[in-house]
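Engineer: Quick one: this structure, given as structure tokens, is what I'll be asking you about.
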Amino acid sequence: EAQVTQNPRYLITVTGKKLTVTCSQNMNHEYMSWYRQDPGLGLRQIYYSMNVEVTDKGDVPEGYKVSRKEKRNFPLILESPSPNQTSLYFCASSLSTSRNEQFFGPGTRLTVL
Amino acid sequence: AQTVTQSQPEMSVQEAETVTLSCTYDTSESDYYLFWYKQPPSRQMILVIRQEAYKQQNATENRFSVNFQKAAKSFSLKISDSQLGDAAMYFCASTAGNKLVFGAGTILRVKS
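First to last, the protein sequences are chains E and G. Just so you know, we're using our numbering here: the first sequence kicks off at 1 and counts up by one. Just so you know, we're using our numbering here: the second sequence kicks off at 1001 and counts up by one.
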């Protein structure tokens, strides 16, 4: 089954404790991205990747890191999480660019205390 | 920065009736794409419809259609014959180069 998977689905952590949210897709897509969803703000793009070893900032990249060492994986790293990063996070992939249909993962609910 | 504005935080529609969700955007690009995504209570994001800006014809997918007014930078979504399963949050989105910019969303409630 074609899908985007994210882990963990739920995470409660404390300020400053490094964490990684994994994202994997099995559709051989080139474009992958991370979004955060907050009430009243919709989805905001954090980072995106056009292909392996090619990443770029979205609109809200501060406090986040990403890497794209393999085509299928695009982990999101919070090196020192803060409470304002409490949010619902989505990973998405598409065939080649932002112009294609985005396939979204199920979301990760992150709470930083 | 490019923005997408959805001015209706919430809308209600009676089952079988028609509803229109509004979306405006700003862009300096001549070639861009617009989308409507649906997010039901399960949180899963699902593509509803996609429009290429250089195409004059409005996109249609079954009961879903758009009214694309390029000069006015408006991209509204019309849902005909509304069904209970249409109840969800709807997001409008626009490409901005290699990025994707979303609006704040509109919650659609469907009354039986």
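Using N, Cα and C, we set each Cβ at its ideal position, and we do this for glycine too.
Going by DSSP, which residues form a beta bridge with Gly42 of chain E?
Structural biologist: E:Asp38
Engineer: Could you name each continuous beta strand (DSSP E) segment of 3 residues or more that falls completely within the segment 1031-1099 of chain G, going from the start of the chain to the end?
Structural biologist: 1033-1039, 1046-1052, 1064-1069, 1074-1079, 1088-1096
Engineer: If we cut at 8 angstroms on Cβ distances, does Gln102 of chain E have a partner in chain G?
Structural biologist: yes
Engineer: Strictly below 7 angstroms CB to CB, what residues from chain G border Arg99 of chain E?
Structural biologist: Tyr1033, Thr1095
Engineer: With distances taken Cα to Cα, identify the nearest neighbour of Ala1096 of chain G among E:Tyr89, E:Lys57, E:Ser24.
Structural biologist: With distances taken between Cα atoms, Ala1096 of chain G lies closest to E:Lys57.
Engineer: Is the Cβ of Tyr64 of chain E closer than 8 angstroms to any Cβ of chain G?
Structural biologist: no
Engineer: If you draw a straight line from the alpha carbon of Thr20 of chain E to that of Glu1 of chain E, how long is it in whole angstroms?
Structural biologist: The C-alpha of Thr20 of chain E lies about 25 angstroms from the C-alpha of Glu1 of chain E.
Engineer: Does the beta-carbon distance from Arg1050 of chain G to Glu101 of chain E come in below 8 angstroms?
Structural biologist: Cβ distance < 8 angstroms, so Arg1050 of chain G and Glu101 of chain E count as in contact.
Engineer: In whole angstroms, what separates the C-alpha of Ala92 of chain E from that of Asn1062 of chain G?
Structural biologist: 25 angstroms
Engineer: If we cut at 8 angstroms on Cβ distances, does Gln6 of chain E have a partner in chain G?
Structural biologist: no
Engineer: What three-state label does DSSP hand Asn7 of chain E in the structure shown?
Structural biologist: strand
Engineer: Just reading off the beta strand (DSSP E) that Arg109 of chain E is part of, what are its end residues?
Structural biologist: 108-112
Engineer: Determine which residues of the segment 71-96 of chain E have a Cβ less than 7 angstroms from any Cβ of chain G, and write them out in chain order.
Structural biologist: Of all residues in the segment 71-96 of chain E, only Phe90 place a beta-carbon less than 7 angstroms from a beta-carbon of chain G.
Engineer: Three-state secondary structure (DSSP) at Gln85 of chain E?
Structural biologist: helix
Engineer: How would you write the range of the beta strand (DSSP E) that Glu70 of chain E sits in, first residue to last?
Structural biologist: Annotation: Glu70 of chain E is outside any beta strand (DSSP E) and is labelled neither H nor E by DSSP.
Engineer: Identify every residue that forms a DSSP beta bridge with Tyr47 of chain E.
Structural biologist: E:Trp34, E:Lys57
Engineer: Counting C-beta neighbours from all protein chains within 10 Å, is the total for Asp1031 of chain G 16 or more, i.e. buried, or is it exposed?
Structural biologist: exposed
Engineer: Which residues in chain E have a C-beta closer than 8 angstroms to the C-beta of Phe1075 of chain G? List them in chain order.
Structural biologist: Ordered by position in chain E, no residue passes the 8 angstroms Cβ test against Phe1075 of chain G, which lies about 15 angstroms from the chain.
Engineer: Is the beta carbon of Pro8 of chain E less than 8 angstroms from the beta carbon of Thr97 of chain E?
Structural biologist: no
Engineer: Would Gln3 of chain E count as contacting chain G if we go by Cβ distances under 8 angstroms?
Structural biologist: no
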